[in-house]
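One structure is given below, encoded as structure tokens.
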Amino acid sequence: MARASEEAVPEEPGAGRYGEALFRPEQPGEGERIDHAAVVYDPYTRRRLSALGAGPGVRCLDVGAGTGTVARWLAQEAGVDEVVALDRDTSRLTPLAGPRLRVLEADLAHFADEPGLGTFDLIHARFVLMHLPGRRGLVSRLVELLNPGGHLVLSDAADVPDPADTGSAYRRTLDTMWRTLGETIGTDIAAVRSHPHTLRAAGLEEVAAELVCPPLTPGAPLAVFWVDTLQRMRSDLLAPGRLDAATLDEALAYLVSPRLAELGPGMLTVWGRRPVSPA
3 MARASEEAVP
13 EEPGAGRYGE
23 ALFRPEQPGE
33 GERIDHAAVV
43 YDPYTRRRLS
53 ALGAGPGVRC
63 LDVGAGTGTV
73 ARWLAQEAGV
83 DEVVALDRDT
93 SRLTPLAGPR
103 LRVLEADLAH
113 FADEPGLGTF
123 DLIHARFVLM
133 HLPGRRGLVS
143 RLVELLNPGG
153 HLVLSDAADV
163 PDPADTGSAY
173 RRTLDTMWRT
183 LGETIGTDIA
193 AVRSHPHTLR
203 AAGLEEVAAE
213 LVCPPLTPGA
223 PLAVFWVDTL
233 QRMRSDLLAP
243 GRLDAATLDE
253 ALAYLVSPRL
263 AELGPGMLTV
273 WGRRPVSPA
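Residue numbers (the numbering used here): 3 to 281.
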């Protein structure tokens, strides 16, 4: 996962980095954890990118490409002319490189300085922006890399809690997880709701958004993803002042139980088009 900022970010709570403070790519099973989410969300992503013209004649940038499921689809199935798959860790992307899939190892703070990067007809980032400081500056820089008429597509997590449930082990665990992510690596899912306004402020037109909350059922990939995520965060979640072990274990047991009945966290996707002519 990559990081960018508009200016120097002070070292303070929340200034850690995804992939370092949490979810290190070299951890056993980390790629599988990411792929559990990809199995769930890739169909929605593919549908949106297809609707926006992903196909022959199009050049794409996949930001924070992870294990490369979207980049591979763009190159092999959608048939785009070229996709640049960018991430700070490319260990799972390098084997996918080919004539139409270029792998770029770079930090988002500096990737625009890469020689020969060029411009794009379609730029996509999924579960990236929510973890980064300086989000508005990053969006503006991505817009600069769009060709006139090109589209920027951002997807991030959006939680839709039941307002009547404030004390269950599941709710307390998820609330603590989001707070812990904010305190350790700066994740801000509250800011995700403003993505449409951010794209509009960056000069894009035809801005729209959609929220999908796939079914959360025990044993299915989405539930497996959340169980794995919570287990990997266990020591951070149980830090003083956060969560007790009994509550976390109850939430984990609930996620694998036939009693599970929740509207799980979803994915908010927002997109916009760079005007063909200046406003």
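Don't be surprised by glycine CBs; every beta carbon is placed ideally from N, CA and C.
DSSP state of residue i mapped onto helix, strand, coil
i, result
"Pro-150", "strand"
"Ala-263", "coil"
"Gly-188", "coil"
"Met-269", "strand"
"Leu-88", "strand"
"Glu-107", "strand"
"Leu-95", "coil"
"Val-60", "coil"
"Gly-55", "coil"
"Gly-68", "coil"
Outcome for residue i when other beta-carbon atoms lying within 10 angstroms are tallied against a minimum of 16
i, result
"Arg-276", "buried"
"Ala-247", "exposed"
"His-199", "exposed"
"Asp-251", "exposed"
"Arg-174", "buried"
"Pro-12", "In this prediction, Pro-12 has a pLDDT of 35, which is less than 50 and means its spatial position is unreliable; nothing more can be read from the coordinates."
"Pro-135", "buried"
Beta-carbon proximity of residue i to residue j, cut-off 7 angstroms
i, j, result
"Ala-159", "Pro-267", "yes"
"Val-105", "Ala-87", "yes"
"Ala-171", "Ala-253", "yes"
"Leu-257", "Thr-178", "no"
"Ala-39", "Thr-71", "no"
"Trp-75", "Arg-94", "no"
"Met-235", "Ile-191", "no"
"Leu-98", "Val-85", "no"
Cut-off 6 angstroms between Cβ atoms - residues of its own chain near residue i, not counting five sequence neighbours on either side
i, result
"Val-214", "Tyr-46, Gly-268 and Met-269"
"Ala-127", "Val-65, Gly-66 and Leu-156"
"Glu-264", "Leu-218"
"Ala-4", "The predicted model places Ala-4 with a pLDDT of 40, which falls under 50 and marks its position as unreliable; any figure quoted below should be read in that light. Result list for Ala-4: Gly-66, Arg-90, Asp-109 and Leu-110, in chain order."
Contact set for residue i: own chain, Cβ-Cβ below 7 angstroms, skip 5 residues either direction
i, result
"Leu-201", "Val-141, Leu-154, Val-209, Val-272 and Gly-274"
"Thr-231", "Arg-35"
Cutoff 8 angstroms; reference residue i; Cβ partners in own chain excluding five residues on either side
i, result
"Gln-233", "Leu-254"
Any beta strand (DSSP E) of 3 or more consecutive residues that is wholly inside the region 118–172: If we require 3 residues or more, the beta strand (DSSP E) runs fully inside the region 118–172 come out as 122–128 and 148–160.
Which runs of the alpha helix (DSSP H) fall wholly inside the region 194–264 and span at least 4 residues, in chain order? Those alpha helix (DSSP H) runs which fall completely within the region 194–264 and span 4+ residues are 197–203, 223–234, 236–239 and 247–257.
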